[in-house]
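**Student:** The structure is given below, and queries will be raised subsequently.
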Amino acid sequence: MSIGFFDSGIGGLSVLREALTLMPHENYIYFADSVNAPYGTKTKEEVKALTFNAVRFLNERGIKALVIACNTATSAAVKALRQVYDFPVIGMEPAVKPAVEKTKDAGKRVLVLATSLTLKEEKFQSLVAKFDSRHIVDMLPAPRLVEFAESFTFSGPEVDSYINEILPADIEKYGTLVLGCTHFPLFKDALKKALPSGIDIIDGNRGTVNYLYEVLMGSGLLNKSDIKGRIEFYKSGIKVEDDETLRKYEMIIHTSG
Ligand code: DGL
5 MSIGFFDSGI GGLSVLREAL TLMPHENYIY FADSVNAPYG TKTKEEVKAL
55 TFNAVRFLNE RGIKALVIAC NTATSAAVKA LRQVYDFPVI GMEPAVKPAV
105 EKTKDAGKRV LVLATSLTLK EEKFQSLVAK FDSRHIVDML PAPRLVEFAE
155 SFTFSGPEVD SYINEILPAD IEKYGTLVLG CTHFPLFKDA LKKALPSGID
205 IIDGNRGTVN YLYEVLMGSG LLNKSDIKGR IEFYKSGIKV EDDETLRKYE
255 MIIHTSG
């Protein structure tokens, strides 16, 4: 059976590429809800309903585990999904804890870049309340990065000027930038270019995939085969078969993040 991956669009490919490095022998089925993206500017109820639709679709195809490779959908639906489905459901979580740990003693602050919905949801608020005892965490939504990504524009003057426009003027006071949306690692080069050299950029992708591995291992669900697995892509329920789109997806999952 395959591992299901779900995102509002192509952001989850940044998580899938980590999974392929660690577990190349697994089969994957990736659902990009690009027709309904972005999720980050929708209501929690809308995102929950769209997520349930996508997961129903994946479940009908038979999956042994599910990665909600979307911070926004995780905040809106992960608890409810776990009550309905028997397979392991792995969600995303902005890397606030490691960011605070590595930044707090350097006298610097942490900036979390995520969608508006993720930032205002209870899940994120309680994560910050738990780990940010020194109040060094600030938040910034970046909705246009999701739009740029969905049109496969990851660099160029428009992306650069948007990033420069939204970054705080006193950016020097930050030690770590947390990418709390799976679309954002696709802009690592553009972000690096815009940021002062001392700022680390971190995301939760590796941690999520390590956790997926542990869960599969612990439940005896890892694929024993030593043949490279296959990946099937669906865009909002329609199988992606055109070469142009497949080529773009493949480029993302085979580029190091
Ligand atoms: N990739 C998603 C996330 O990790 C959401 C992007 C969007 O659709 O707004 O939050």
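Read in the working numbering, the sequence shown has 239 at position 235, and its numbers run on one by one without any break. Backbone N, C-alpha and C define an ideal beta-carbon position, used for all residues, glycine too. The model shown is predicted, which means the values in this text are computed figures rather than measured ones.
#1: Pull up the DSSP beta-bridge partners for G8, would you.
#2: Apart from the five residues just before and just after G16, which ones in its own chain have a Cβ nearer than 8 angstroms to its Cβ?
#3: Can you tell me whether DSSP reads K239 as helix, strand or coil?
#4: Quick one: Cα of Y217 to Cα of N209, how far?
#5: Once you ignore the five residues that flank S240 on each side, which residues in its own chain have a CB closer than 7 angstroms to its CB?
#6: Using only alpha-carbon positions, find the residue among T212, M5 and P189 that is nearest to L149.
#7: For the ligand DGL, any of its heavy atoms closer than 7 angstroms to the Cβ of P189?
#8: Alpha carbon to alpha carbon, how far is D174 from F91? Give it in angstroms, no decimals.
#9: Please report the residue range of the alpha helix (DSSP H) in which V88 lies.
#10: Using the C-alpha atoms, what's the distance from K192 back to K177?
#11: Measuring straight from C-alpha to C-alpha, what distance separates M255 and D247?
#12: Does DSSP classify V244 as helix, strand or coil?
#13: For A81 and P147, I'd like the C-alpha separation in whole angstroms.
#14: Under a Cβ-count criterion, where at least 16 other Cβ atoms within 10 Å of its own Cβ denotes burial, should D207 be classed as buried or exposed?
#15: In whole angstroms, what is the alpha-carbon distance linking T157 and Y253?
#16: What whole-angstrom Cβ distance do V51 and T76 have, given they're in contact under 8 angstroms?
#17: So G184 packs on L121, CB below 8 angstroms; how close in whole Å?
#18: Check whether the Cβ of D1 lies closer than 7 angstroms to any heavy atom of the ligand DGL, and answer yes or no.
#19: Is P145 near the ligand DGL, in the sense that its beta carbon is under 7 angstroms from a heavy atom of that ligand?
#20: Using a Cβ-Cβ cutoff of less than 8 angstroms, which residues in the same chain neighbour P42 once the five nearest sequence positions on both sides are dropped?
#21: Would T186 count as contacting chain D if we go by Cβ distances under 8 angstroms?
#22: My understanding is that G233 touches N31, with C-beta atoms under 8 angstroms, so please give their C-beta distance in whole angstroms.
#23: What residues match up with D207 in a beta bridge as DSSP calls it?
**Tutor:** To lay it out plainly:
#1: I33 and L70
#2: F9, F10, Y34, A36, V71, A73, C74 and T186
#3: strand
#4: 12 angstroms
#5: D37, S38, V39 and N40
#6: P189
#7: no
#8: 45 angstroms
#9: N75 to V88
#10: 20 angstroms
#11: 12 angstroms
#12: coil
#13: 20 angstroms
#14: buried
#15: 13 angstroms
#16: 6 angstroms
#17: The pair is not a contact, with the Cβ atoms about 11 angstroms apart (cut-off 8 angstroms).
#18: The structure shown does not extend to residue 1, since the chain spans only 5 to 261, so no value can be given for it.
#19: no
#20: S12, G13, T119, P147, V150, E151 and E154
#21: In summary, chain D is missing from the structure at hand, where a single protein chain is found.
#22: 4 angstroms
#23: L183
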